[in-house]
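Structure record follows, encoded as structure tokens.
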Amino acid sequence: RITILPHGSLRILNASKSDEGQYLCQGVNVFGSAEIIASVSVKEPTRIELTPKKIELTVGESIVLSCKALHDSTLDVTFYWTLNGQPIDFEKEGGHFESIKAQASSADLMIRNILLMHAGRYGCRVQTAADTVSDETELLVRGPPGPPGVVIVEEITDTTATLSWSPGADNHSPISLYNLQARSPFSLGWQTVKTVPDVISGDMESAMAVELNPWVEYEFRVVATNKIGTGDPSAPSRVIRTNEAVPKTHPANVSGRSGRRHELVIAWEPVSEEFQNGEGFGYIVAFRPNGTRGWKEKMVTSSDASKFIYRDESVPPLTPFEVKVGVYNNKGDGPFSPIVVICSAEGEPTAAPIDVKATSLSVSEILVAWKHVKESLGRPQGFEVGYWKDMEQEEAAEKVKTEGNESSILLTGLEGNTLYHLTVRAYNAAGYGPPSTAVRAATKKSPPSQPPSNIMWIQDGSHVSLGWEPVRPLANESDVMGYKVLFRQEGQSNSQVIETQKTSAVVLLPDVGVYIIEVCAVSEGGDGTASPQIRVPSFSGGKVTSGQSTLHVSSTSSSSVTLLLALMVPSTSW
1 RITILPHGSL RILNASKSDE GQYLCQGVNV FGSAEIIASV SVKEPTRIEL TPKKIELTVG
61 ESIVLSCKAL HDSTLDVTFY WTLNGQPIDF EKEGGHFESI KAQASSADLM IRNILLMHAG
121 RYGCRVQTAA DTVSDETELL VRGPPGPPGV VIVEEITDTT ATLSWSPGAD NHSPISLYNL
181 QARSPFSLGW QTVKTVPDVI SGDMESAMAV ELNPWVEYEF RVVATNKIGT GDPSAPSRVI
241 RTNEAVPKTH PANVSGRSGR RHELVIAWEP VSEEFQNGEG FGYIVAFRPN GTRGWKEKMV
301 TSSDASKFIY RDESVPPLTP FEVKVGVYNN KGDGPFSPIV VICSAEGEPT AAPIDVKATS
361 LSVSEILVAW KHVKESLGRP QGFEVGYWKD MEQEEAAEKV KTEGNESSIL LTGLEGNTLY
421 HLTVRAYNAA GYGPPSTAVR AATKKSPPSQ PPSNIMWIQD GSHVSLGWEP VRPLANESDV
481 MGYKVLFRQE GQSNSQVIET QKTSAVVLLP DVGVYIIEVC AVSEGGDGTA SPQIRVPSFS
541 GGKVTSGQST LHVSSTSSSS VTLLLALMVP STSW
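Numbered according to UniProt numbering, the sequence shown spans residues 1 to 574.
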């Protein structure tokens, strides 16, 4: 049990408390001796228990592993956790692992929201100053299946594709069924496809995708399912194109459109490339006058076409036709749409508007009004007004359009004091009708450019008596019809207006404050230039005696003062 080894060490096997004490090791040679003393303490062995011993869980569940240590009471213990022999880094595991130490001689490992990657051998290692012991338990995690292996396209027709694949990991729950998915340039992501057999059981490794569209590029993938759930899909297969076939989808919403006289305009919704089924796709437009037998057919070779126009000078307006539109490609002719009845174009309007009147409203505006003669053919969609200056040719006319049944329009932005010629004509999709007889109207002369001058005022409490010299317009300006007095409180934007035909006015300033007052002439051509602003304070409505009234002059001479006073002040006040 006790042995001195060749190199001088002392080995004690199966140590017990009786082996405790001090041991002396002495070395001797011809030159002398040396010795060392070793002190030996014998501790109780450490034992641990890790529970539970074997666990089976499902993805998303949680578990607590408990590790208890029986050790010498004189020794401290330290616990370490491992997964598949590697220390668990609690900081980097995304909150799935937590070490819990409730007592000095035990430790727990909490595993939350378990993932498939958490399956494996969990170890608890207990270390003291005297020994190290460890124990392990195995955690098995059941989850949805892993992705199936490579998907291979075995055989292709115009509407089917035979696929095979290898099974992926079942993750400890047998695969119950497979699902085939396809993706094309026309689909919104991956879509489940119909298969033969209809249900693909978990022990199968091939199936046929059916009801595919001809001449369309597809990718396929496989998804496995078990009682835990559906797993990740396989990698996509290589891109394949189904074979060509005769088209089976006819155009939708065949209808008529507006056109010119003697035209039959046939329109439809183009067939999507997904349903063209092959190269060389086009349309066959068939039509015949209502009540006749033979069809006239025209080929439209563009796959994007949505309209065909047939023109025949012998076709009267609004002639009914039976129409159908078919499809074809390099494989042959497909179906026609249901027959619909549409009419040839009604033609452009034939009647000119009547009772055209043009009224000058201002220096830049003329109101044009008219009446339209109702007709059975060539119904108007609106009217066009052409207008040109007296010295210009009609070909240089500017044009403005109305829509619907409008019977008047206001022309704006015109030149002042200018004679205009105006015509009106109806229009629709087929073209324009004849113009009306030209009428004439002249815009008003420009308003006076000179503002009222020599403005004077006398204030009596809240009443302000104003006077000014009359405005004399230039030869090319409108005559003065009267005047406007505009006044507003300082700081406000909206003005009150007093109109008068005289060169004087009395303004009542109702509120306390400072008022801004302006005067301008009024003419057929509009309002003239405003006078410079004057600022007048208003008191609380109290009267100021005649002796306290003050004459204010904006710009004047002595003669104009005398004239103004004669107009504004009664003779008894002199």
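Cβ coordinates follow ideal geometry from the N, Cα and C atoms, glycine included.
As the structure is a computational prediction, the values presented were derived from the model and not from experiment.
Please report the straight-line C-alpha distance between residue i and residue j, rounded to a whole angstrom.
i	j	result
residue 369	residue 350	19 Å
residue 118	residue 125	19 Å
residue 429	residue 346	9 Å
residue 89	residue 112	15 Å
residue 264	residue 395	32 Å
residue 82	residue 73	25 Å
residue 141	residue 175	15 Å
residue 454	residue 358	40 Å
residue 491	residue 513	10 Å
residue 255	residue 426	25 Å
residue 114	residue 62	6 Å
residue 147	residue 194	20 Å
residue 479	residue 371	34 Å
residue 204	residue 333	40 Å
residue 383	residue 341	30 Å
residue 436	residue 421	11 Å
residue 252	residue 407	39 Å
residue 469	residue 519	11 Å
residue 516	residue 440	43 Å
residue 535	residue 381	56 Å
residue 544	residue 450	For residue 544, the predicted model reports a pLDDT of 42, less than 50, meaning its position is unreliable and no value from the coordinates is stated.
Looking at residue i: is its Cβ nearer than 8 Å to the Cβ of residue j?
i	j	result
residue 75	residue 128	yes
residue 280	residue 330	yes
residue 120	residue 134	no
residue 363	residue 484	no
residue 8	residue 59	no
residue 344	residue 315	yes
residue 414	residue 400	no
residue 523	residue 481	yes
residue 286	residue 297	yes
residue 587	residue 387	Outside the displayed span of the chain (1 to 574) sits residue 587, for which this structure offers no information.
residue 199	residue 180	no
residue 182	residue 155	no
residue 40	residue 23	yes
residue 356	residue 424	yes
residue 302	residue 276	no
From the DSSP output, in three-state form, read off residue i for me.
i	result
residue 212	coil
residue 19	helix
residue 118	helix
residue 252	strand
residue 396	helix
residue 279	coil
residue 403	coil
residue 273	helix
residue 542	The predicted position of residue 542 is uncertain, since its pLDDT is 44 and thus under 50; no value can be drawn from it.
residue 165	coil
residue 132	strand
residue 475	coil
residue 594	This structure leaves residue 594 out entirely; the chain is present only between 1 and 574.
residue 258	coil
residue 190	coil
residue 319	coil
residue 361	coil
residue 32	strand
residue 56	strand
residue 155	strand
residue 295	coil
residue 421	strand
residue 339	coil
residue 110	strand
residue 228	coil
Since residue i and residue j should fall inside the 8 Å C-beta cutoff, what is the C-beta to C-beta distance between them, to a whole number of angstroms?
i	j	result
residue 434	residue 473	With 8 Å as the limit, residue 434 and residue 473 do not qualify as a contact, their Cβ atoms being about 42 Å apart.
residue 419	residue 442	4 Å
residue 466	residue 505	5 Å
residue 65	residue 137	6 Å
residue 431	residue 348	4 Å
residue 1	residue 10	Rounded, the Cβ-Cβ distance is 11 Å, inconsistent with contact.
Can we count residue i as close to the ligand HEM, meaning its CB is less than 7 Å from some heavy atom?
i	result
residue 47	As presented, the structure is devoid of all ligands, the ligand HEM included, so that no description of it is given.
Handout entry: the stretch 46-58 in contact with the stretch 91-101 per 3-pair CB rule at 8 Å
Key = no
Problem - Cβ pair count under 8 Å reaching 3, the stretch 207-216 against the stretch 146-162 - result: A contact exists between the stretch 207-216 and the stretch 146-162.
Exercise for the section: Indicate whether the contact test is met: 3 or more Cβ pairs, each with one atom in the stretch 149-157 and one in the stretch 227-241, closer than 8 Å. Expected result: yes
Practice task
Spell out a yes or no on whether the stretch 456-465 and the stretch 490-499 are touching, meaning 3 or more CB-CB pairs, one atom from each, closer than 8 Å.
Solution key: Contact between the stretch 456-465 and the stretch 490-499 is not established, with fewer than three Cβ pairs separated by less than 8 Å.
Problem - the stretch 216-228 / the stretch 299-319 touching (three or more Cβ pairs under 8 Å) - result: no
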